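For reference, the structure is listed below as structure tokens.
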Ligand code: C5P
């Protein structure tokens with residue numbers, strides 16, 4: 107049996123563009139992995155087929171599970187015949203906007219590689235990941251990641267220095283397809299998105315990210331390897347590059363459709379700001395709302411306040427790329 111950790115992500119801004127011919131929405135986002143995780147265990151048995159074991163409510167154990175879809179594809183590429191047992195130990199919220207199901211898919215792929223004693227080509231892994239879901243490929247990179255296209259086209263960004271994060275998981279799941287459909291109904295007509303205006307908003311987001319990259323990581327943009335995981339950040343600035351990034355005005359467009367439907371989520375964001383978050387936002391389409399804090403101590407105290415107010419909350423930290431790859435296979 108092989109055990110892997112399956113880490114969570116948050117979105118540091120998310121810009122939704124128009125619906126494309128394939129039904130997906132063009133988007134721009136910056137993903138950041140966090141130190142919170144599920145555990146995935148894979149094992150083989152004589153026979154054939156894929157069995158998903160998970161006792162958490164709302165996790166399907168059939169072919170619709172992202173781990174099932176991934177295992178099916180990996181077995182096909184490997185030409186392997188055996189019964190695959192995949193156990194999901196759920197710690198992350200389901201439909202929480204933290205990419206848990208997507209991360210489970212990558213953890214399954216990596217565990218299967220080890221179990222079957224084979225190594226898929228990186229391009230093959232990215233292809234399988236993109237087929238399984240738009241949010242899956244980011245977990246093949248980890249750390250700070252730029253997502254474009256439908257979110258599946260991913261680029262490693264220089265790792266951001268550590269940030270302390272308070273994550274609130276309200277007891278409700280938000281369906282991503284429904285949130286996108288609401289965006290189409292409510293906001294796209296209002297914004298009168300002509301093709302050229304939509305392209306303009308998308309470009310604006312990318313420009314903000316690249317301006318931030320230039321300002322915060324001059325060495326990286328001058329040719330240093332941005333995938334090396336070594337921040338070229340001098341550290342003598344008043345604010346961290348992460349705060350510079352979020353303050354550059356990248357917001358999460360999903361807030362515009364999710365908050366009106368679930369006002370309690372807007373309230374959580376406001377509470378996080380009241381207890382000292384430097385920045386707070388919905389992650390993905392929610393329901394997770396996170397706050398960024400300047401120190402571990404500030405985050406711990408804020409989490410205590412939020413817990414006292416009755417929220418399910420955890421204080422954690424961002425996970426850099428090298429840490430992500432080190433921790434993924436560590437014993438849980
Ligand atoms: O790719 P994934 O399976 O995560 O997408 C789930 C659903 O979310 C899609 O079927 C689509 O309705 C919606 N979606 C979208 N635009 C994206 C990503 C997802 O409309 N960029």
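Numbering (this note's numbering), first residue to last: 107 to 438. Just so you know, even glycine gets a beta-carbon here, dropped at the ideal spot from N, CA and C. All figures in this text were calculated on a predicted structure; none of them were measured in a lab.
With DSSP as the reference, identify every bridge partner of residue i, one or two as the case may be.
i	result
residue 110	146
residue 420	273
residue 125	131
residue 190	150 and 156
residue 386	397
residue 253	135 and 260
residue 115	139
residue 358	120
Is it buried or exposed for residue i, if we count other Cβ within 10 angstroms and need 16 for buried?
i	result
residue 225	exposed
residue 201	buried
residue 261	exposed
residue 209	buried
residue 444	In the structure displayed, the chain extends from 107 to 438; residue 444 sits before or after that span and is not available.
residue 264	buried
residue 340	In this prediction, residue 340 has a pLDDT of 44, which is less than 50 and means its spatial position is unreliable; what the coordinates show is noted afterwards. Answer is exposed; the Cβ neighbour count stays below 16.
residue 375	buried
residue 393	buried
residue 427	buried
residue 379	exposed
residue 223	exposed
residue 112	buried
residue 244	buried
residue 332	Bear in mind that the predicted position of residue 332 carries a pLDDT of just 45, short of 50, making it unreliable; the figure below should be weighed with that in mind. Result: buried.
residue 421	buried
residue 177	buried
residue 404	buried
Taking 6 Å as the cut-off, is the beta-carbon of residue i closer than that to any non-hydrogen atom of the ligand C5P?
i	result
residue 240	yes
residue 311	no
residue 124	no
residue 143	no
residue 133	yes
residue 139	no
residue 257	yes
residue 110	no
residue 282	yes
residue 286	yes
residue 360	no
residue 72	Nothing can be reported for residue 72: it is not among the residues displayed for the chain, which extend from 107 to 438.
residue 113	no
residue 130	yes
Please return the same chain residues whose Cβ sits closer than 6 Å to the Cβ of residue i, not counting the five positions on each side in sequence.
i	result
residue 361	388
residue 169	none
residue 402	270
Apart from the five residues just before and just after residue i, which ones in its own chain have a Cβ nearer than 7 Å to its Cβ?
i	result
residue 241	205, 208 and 257
residue 292	363
residue 246	212, 231, 232 and 235
residue 430	113, 139, 248 and 249
residue 110	146, 213, 216, 217, 434 and 435
Exercise. Answer yes if the segment 261 to 276 comes into contact with the segment 406 to 418, meaning at least three C-beta pairs across the two stretches below 8 Å, and no otherwise.
Key: The segment 406 to 418 is in contact with the segment 261 to 276.
Quiz prompt | the segment 129 to 143 contacting the segment 158 to 177, beta-carbon criterion three pairs below 8 Å | solution = Short answer: they don't touch.
Quiz item: So does the segment 139 to 157 actually touch the segment 281 to 289, counting three or more Cβ pairs closer than 8 Å?
Solution: Two segments are said to touch when three or more pairs of C-beta atoms, one from each, lie closer than 8 Å; by this definition the segment 139 to 157 does not touch the segment 281 to 289.
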